[in-house]
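Participant: Heads up, the sequence shown is in full-length UniProt numbering, so the first residue is 1 and it goes up one at a time. Ideal Cβ positions, reconstructed from N, Cα and C, are used throughout, including at glycine. My questions will all concern the structure given below.
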Amino acid sequence: MQAANPRRGYILGLSAYIIWGLFPIYFKAIAAVPAIEIIIHRALWSALFGSIVLMFWKHPGWWRDLRNNPQRLAVLALSGTLIAANWIVYVWAVNNGRMLEASLGYYINPLVNVLLAMLLLGERLRRLQMLAVAFAAIGVAQHVWHVGSLPWVSLALALTFAFYGLIRKKAPVAALPGLVVETWMLVPLALIWLTLNPTAVSAQPEFWTTTQAIWLAAAGPVTLVPLVCFNAAARHLPFTTLGFLQYIAPTLVLLLAVLLYGEHLTTSTIITFAFIWTGLAIYSVDIWLKSRGRH
Numbered sequence: 001m002q003a004a005n006p007r008r009g010y011i012l013g014l015s016a017y018i019i020w021g022l023f024p025i026y027f028k029a030i031a032a033v034p035a036i037e038i039i040i041h042r043a044l045w046s047a048l049f050g051s052i053v054l055m056f057w058k059h060p061g062w063w064r065d066l067r068n069n070p071q072r073l074a075v076l077a078l079s080g081t082l083i084a085a086n087w088i089v090y091v092w093a094v095n096n097g098r099m100l101e102a103s104l105g106y107y108i109n110p111l112v113n114v115l116l117a118m119l120l121l122g123e124r125l126r127r128l129q130m131l132a133v134a135f136a137a138i139g140v141a142q143h144v145w146h147v148g149s150l151p152w153v154s155l156a157l158a159l160t161f162a163f164y165g166l167i168r169k170k171a172p173v174a175a176l177p178g179l180v181v182e183t184w185m186l187v188p189l190a191l192i193w194l195t196l197n198p199t200a201v202s203a204q205p206e207f208w209t210t211t212q213a214i215w216l217a218a219a220g221p222v223t224l225v226p227l228v229c230f231n232a233a234a235r236h237l238p239f240t241t242l243g244f245l246q247y248i249a250p251t252l253v254l255l256l257a258v259l260l261y262g263e264h265l266t267t268s269t270i271i272t273f274a275f276i277w278t279g280l281a282i283y284s285v286d287i288w289l290k291s292r293g294r295h
């Protein structure tokens with residue numbers, strides 16, 4: 001499929017991934033709020049802001065399709081739980097000096113997707129895919145060997161997002177309305193949590209007179225704007241191109257971690273990244289070859 005407007009697609013795609021890559025700056029700005037509480041408000045404000053955006057959505061039939069397929073609502077409830085878990089781990093990692101691990105998690109994610117496709121969907125891996133996954137596995141194994149523990153932040157982010165994508169395929173709903181429904185599924189839990197935690201930072205009236213409150217309320221647009229950009233980009237760019245652009249976000253997180261926030265890049269971490277990057281290079285070559293019918 002030819003892209004309708006490649007220039008616009010690149011601008012929108014780059015915008016989406018750059019915003020995602022700069023998320024740590026936003027979460028650092030509200031680091032005084034616990035990670036779980038940030039996610040509570042992210043769900044609440046995303047649901048509210050997303051509902052407003054959907055009022056102008058060009059495909060009003062999405063809700064009718066969902067209403068006529070209640071099993072899709074159940075799938076979205078499960079996928080919403082997974083994305084919330086992913087958000088919590090990510091925010092915790094950013095605000096606890098573990099941004100390098102978070103970056104590694106999103107580098108690993110495409111390779112985890114390939115592995116899950118083989119294990120759960122019965123897809124046969126091509127030779128280059130197997131080689132790419134092997135390099136990723138070696139990278140994780142050497143981390144365990146040198147550090148003495150699993151990179152649980154990286155694995156948690158990669159696995160929750162991979163399973164999220166896998167489950168979302170069972171509910172073919174456009175990304176924006178799908179995310180809005182997922183966040184609305186989380187709203188009752190969010191309200192219950194706030195009710196049971198009257199001492200929470202955001203439960204104090206004086207909190208809402210601070211600039212932190214403005215940052216927290218911005219969680220809605222901060223979450224949805226890059227998604228809208230990504231959806232628009234997907235209409236103008238081939239999937240292969242978007243696949244290459246996805247590495248912008250974890251690269252920005254890596255650079256922020258080392259250059260702005262002073263996280264230490266150890267020899268073991270460098271070796272781990274080297275194996276993962278090699279695996280991703282092989283994976284990218286495989287995608288490129290397949291897209292041109294040479295595989």
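Could you tell me whether the region 182-201 touches the region 40-47, using the rule of 3 or more Cβ pairs below 8 Å?
Facilitator: A contact exists between the region 182-201 and the region 40-47.
Participant: Any C-beta of chain C sitting closer than 8 Å to the C-beta of alanine 233?
Facilitator: Protein chain content of the structure displayed is limited to a single chain, and chain C is not contained in it.
Participant: By Cβ distance below 6 Å, which residues in the same chain neighbour alanine 158 in space, the five residues on each side in sequence not counted?
Facilitator: Position 158 of the sequence shown, counted from the first residue, corresponds to residue 158. Here the set comprises Gly105, Ile108, Asn109 and Val112.
Participant: Report buried or exposed for methionine 1, applying the criterion of at least 16 other Cβ atoms within 10 angstroms of its Cβ.
Facilitator: Looking up residue 1 in the sequence shown gives position 1. Residue placement at methionine 1 is poorly supported in this model, since its pLDDT is 45, which falls under 50; the coordinates still yield a value, given next. Exposed: under 16 other Cβ atoms inside 10 Å.
Participant: Using 8 Å as the threshold, is the C-beta distance between leucine 116 and alanine 162 below it?
Facilitator: Walking along the sequence shown from the start, residue 116 turns up at place 116. Walking along the sequence shown from the start, residue 162 turns up at place 162. Yes.
Participant: In the DSSP assignment, find the alpha helix (DSSP H) that holds serine 268 and state where it starts and stops.
Facilitator: Locating residue 268 in the sequence shown gives position 268, counting from the first residue. That run of the alpha helix (DSSP H) goes 267-291.
Participant: Among the residues of its own chain, which have a CB less than 6 Å from the CB of alanine 213, if the five just before and after it don't count?
Facilitator: On the sequence shown, residue 213 is found 213 positions in, with the first residue counted as 1. Same-chain partners within the cutoff: Phe207.
Participant: Would you report the Cα separation of histidine 146 and valine 258, rounded to the nearest angstrom?
Facilitator: Residue numbering aside, residue 146 sits at position 146 when the sequence shown is read from its first letter. Residue numbering aside, residue 258 sits at position 258 when the sequence shown is read from its first letter. The straight-line gap from Cα to Cα measures roughly 20 Å.
Participant: Do the CB positions of alanine 31 and asparagine 95 come within less than 8 Å of each other?
Facilitator: Walking along the sequence shown from the start, residue 31 turns up at place 31. Walking along the sequence shown from the start, residue 95 turns up at place 95. Against a cut-off of 8 Å, the Cβ pair of asparagine 95 and alanine 31 comes out as a contact.
Participant: With burial defined as no fewer than 16 other Cβ atoms inside 10 Å of the residue's Cβ, what is the status of methionine 55: buried or exposed?
Facilitator: By one-based count along the sequence shown, residue 55 stands at place 55. Result: exposed.
Participant: Can you tell me the Cα-Cα spacing of tryptophan 288 and threonine 209, whole angstroms?
Facilitator: The count along the sequence shown starts at 1 and reaches residue 288 at position 288. The count along the sequence shown starts at 1 and reaches residue 209 at position 209. Each residue's alpha carbon lies about 52 Å from the other.
Participant: Can you tell me whether valine 33 is helix, strand or coil according to DSSP?
Facilitator: Start at 1 with the first residue of the sequence shown, and residue 33 comes out as number 33. Of the three classes helix, strand and coil, the one that applies to valine 33 here is coil, per DSSP.
Participant: Distance, Cα to Cα, alanine 132 vs lysine 58?
Facilitator: For this step, residue 132 is matched to residue 132 along the sequence shown. For this step, residue 58 is matched to residue 58 along the sequence shown. Each residue's Cα considered, the two are about 40 Å apart.
Participant: According to DSSP, is glutamine 204 helix, strand or coil?
Facilitator: Here residue 204 is taken as the residue at index 204 of the sequence shown, counted from 1. In the structure shown, glutamine 204 sits in coil (DSSP, three-state: anything other than H, G, I, E or B).
Participant: What beta strand (DSSP E) runs, 3 residues minimum, are completely inside the UniProt domain "EamA" (8-141)?
Facilitator: Segments of the beta strand (DSSP E) lying fully in the UniProt domain "EamA" (8-141): there are none.
Participant: Just verifying my parser: in three-state terms, what is the DSSP assignment at alanine 171?
Facilitator: Locating residue 171 in the sequence shown gives position 171, counting from the first residue. In this structure, alanine 171 counts as coil in the three-state DSSP scheme.
Participant: On a CA-only basis, which of Lys290, Ser291 and Tyr283 is nearest alanine 134? Give me that one, please.
Facilitator: Stepping through the sequence shown from its first residue, residue 134 is reached at position 134. Of Lys290, Ser291 and Tyr283, the residue nearest in Cα terms is Tyr283.
Participant: Is the region 19-28 close to the region 160-178, with three or more CB pairs under 8 Å?
Facilitator: Touching, no, given that fewer than three Cβ pairs across the two stretches are closer than 8 Å.
Participant: By alpha-carbon positions, which one of Ala234, Arg7, Pro6 and Leu48 ends up nearest to alanine 218?
Facilitator: Here residue 218 refers to the residue found at position 218 of the sequence shown. Nearest option by C-alpha distance: Leu48.
Participant: Relative to the alpha-carbon of lysine 170, which residue among Gly178, Arg72, Ala200 and Gly262 has its alpha-carbon at the smallest distance?
Facilitator: Counted from its first residue, the sequence shown places residue 170 at position 170. For the residues Gly178, Arg72, Ala200 and Gly262, the minimum Cα distance to lysine 170 belongs to Arg72.
Participant: For leucine 245, I'd like the list of residues in its chain whose CB is within less than 6 Å of its CB, leaving aside the five on either flank, ordered along the chain.
Facilitator: In the sequence shown, residue 245 corresponds to position 245, counting from 1. Gly13 and Tyr17, listed in sequence order.
Participant: Just how far apart, CA to CA, sit tyrosine 261 and glycine 97?
Facilitator: In the sequence shown, residue 261 corresponds to position 261, counting from 1. In the sequence shown, residue 97 corresponds to position 97, counting from 1. If I take the Cα positions, the gap works out to 8 Å.
Participant: Report, in whole angstroms, the separation of the C-beta atoms of proline 205 and serine 103, which I expect to be a contact under 8 Å.
Facilitator: Along the sequence shown, one-based indexing puts residue 205 at 205. Along the sequence shown, one-based indexing puts residue 103 at 103. Not confirmed; about 37 Å, so no contact.
Participant: The alpha helix (DSSP H) that contains alanine 249, what's its start and end?
Facilitator: Mapped onto the sequence shown, residue 249 falls at position 249. Taken as a continuous stretch (DSSP letters only), the alpha helix (DSSP H) holding alanine 249 covers 248-255.
Participant: Leaving aside the five residues before and after glycine 50 along the sequence, list all residues of the same chain whose C-beta is less than 6 Å from its C-beta, in chain order.
Facilitator: In the sequence shown, the residue the question calls residue 50 occupies position 50. Correct list, in chain order: Val180 and Leu224.
Participant: Quick one: measure Cβ to Cβ for glycine 21 and leucine 252, integer angstroms, because I've assumed they're closer than 8 Å.
Facilitator: Position 21 of the sequence shown, counted from the start, is the residue given in the question as residue 21. Position 252 of the sequence shown, counted from the start, is the residue given in the question as residue 252. Confirmed, about 3 Å.
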